[in-house]
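Chemist: Residue numbers (the working numbering): 2 to 253.
By construction, the Cβ of each residue, glycine as well, lies at the ideal position given by its N, Cα and C atoms.
Take this structure, written in structure tokens, and hold onto it; I'll ask about it next.
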């Protein structure tokens, strides 16, 4: 029964139906916990969980500073001016969203932000031509904030425009190496019994194939399961072979 899923849980008293609904969320947690605890002890993976919990318990995990919000916006454009406008738009959006405790996507979405950084509107008339800015983003206070952010981005001195450090041109990704890393990840995932996406993302693999050595997949338990051999593969120290339907790592 999902009728209570939209409950305002701050209001009292709760009805019996609401209490039952809330209890259902934890009814089986004790049994699940005991099972997983035994599995972690058996496999020696308690440290893996502790690493993940440390991230979840760190307040920094949940803090987005407005001046750094632009780093979360995915774009392949490396133009300093473009990124300066992205930075100012992302800063405004984050400040606006945090002040009103609403999701940043409700202010305007990333695709609209990138469009605005490209078209650089400085008047309401120019802003009105946006194809991706939804109705919420056209409200006067948001529209004015957008125009102010674009103006601020355009005013940034060339030497102060943001630079994407450590990134290589996406065209320099070694596609053959990236494909080999995907094969290695699949093999390691099956061997460890852990979903591939928990170990490394497609972006991680492309970054590795482009020479980036800062990806999360190289650290902690992920490094043990996949990262160490991934680096060896990148260096040409190992090769992959197939035997009996399974992928094997072979030292070179």
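Considering just the uninterrupted stretch of the beta strand (DSSP E) at residue 244, what are its terminal residues?
Modeler: Run containing residue 244: 239-244, per the beta strand (DSSP E) assignment.
Chemist: Go to residue 92, then tell me how far its alpha helix (DSSP H) extends in each direction, as first and last residue.
Modeler: Unbroken alpha helix (DSSP H) run through residue 92: 81-101.
Chemist: What do you get for residue 218, buried or exposed, if any count of 16 or more other CB atoms within 10 angstroms of its CB means buried?
Modeler: Buried, by the Cβ-count rule.
Chemist: Assuming residue 1 and residue 175 form a contact by the criterion Cβ under 8 angstroms, report the distance between their Cβ atoms to the nearest whole angstrom.
Modeler: Limits of the chain in this structure are 2 at one end and 253 at the other, which puts residue 1 out of reach.
Chemist: Output yes or no for whether 8 angstroms exceeds the beta carbon distance between residue 67 and residue 95.
Modeler: It is a contact, given that the beta carbons lie within the stated cut-off.
Chemist: Compute the distance between the beta-carbons of residue 148 and residue 128, then report whether it is under 8 angstroms.
Modeler: Closer than 8 angstroms, so yes.
Chemist: Compare the C-alpha of residue 53 against each of 223, 18, 39, 159 and name the closest.
Modeler: Of the candidates 223, 18, 39, 159, the one whose C-alpha sits nearest the C-alpha of residue 53 is 223.
Chemist: Pairs of beta-carbons, one from the segment 154-167 and one from the segment 79-91, closer than 8 angstroms: are there three or more?
Modeler: Flag = yes, the segment 154-167 and the segment 79-91 touch.
Chemist: Given this structure, state the Cα-to-Cα distance separating residue 12 from residue 247, to the nearest angstrom.
Modeler: One C-alpha to the other measures close to 56 angstroms.
Chemist: Across which residues does DSSP place residue 252 in a beta bridge pair?
Modeler: Beta-bridge pairing links residue 252 to 239.
Chemist: Ends of the alpha helix (DSSP H) at residue 17?
Modeler: Residues 17-25.
Chemist: Could you compute how far the alpha carbon of residue 36 sits from the alpha carbon of residue 116?
Modeler: One C-alpha to the other measures close to 49 angstroms.
Chemist: Nearest to residue 97 by CA position, among 4, 158, 142, 195, is which residue?
Modeler: Residue 97 has its Cα closest to that of 142, out of 4, 158, 142, 195.
Chemist: Could you tell me the alpha carbon to alpha carbon distance between residue 75 and residue 15, rounded to whole angstroms?
Modeler: Between residue 75 and residue 15, the C-alpha separation is close to 43 angstroms.
Chemist: Got a sec? Which residues, its chain only, sit under 7 angstroms from residue 82 by beta carbon, not counting five neighbours each side?
Modeler: So the list reads 162, once near-sequence residues are dropped.
Chemist: Check the DSSP bridge columns for residue 247 and list the partner residues they point to.
Modeler: According to DSSP, which records beta bridges pairwise, residue 247 is partnered with 244.
Chemist: Kindly confirm or deny that the segment 99-108 and the segment 177-187 touch, where touching means at least three C-beta pairs closer than 8 angstroms.
Modeler: Short answer: they don't touch.
Chemist: Under 7 angstroms: does the beta carbon of residue 81 sit that close to some heavy atom of the ligand NAP?
Modeler: Although the ligand NAP was asked about, the structure shown includes no ligands whatsoever.
Chemist: What residue from 184, 61, 201, 205 has the CA that sits closest to residue 240's CA?
Modeler: For residue 240, the nearest C-alpha among the options comes from 184.
Chemist: Short of 7 angstroms in beta carbon distance, which residues of its chain neighbour residue 173, apart from the five on each side in sequence? Order them along the chain.
Modeler: Closer than 7 angstroms at the Cβ level, and outside the excluded window around residue 173, lie 211.
Chemist: Give the single residue among 110, 202, 253, 4 whose Cα lies nearest to the Cα of residue 134.
Modeler: Comparing Cα positions, the closest option is 110.
Chemist: Using a threshold of 8 angstroms, state whether the C-beta atoms of residue 226 and residue 250 are closer than that.
Modeler: Contact: no.
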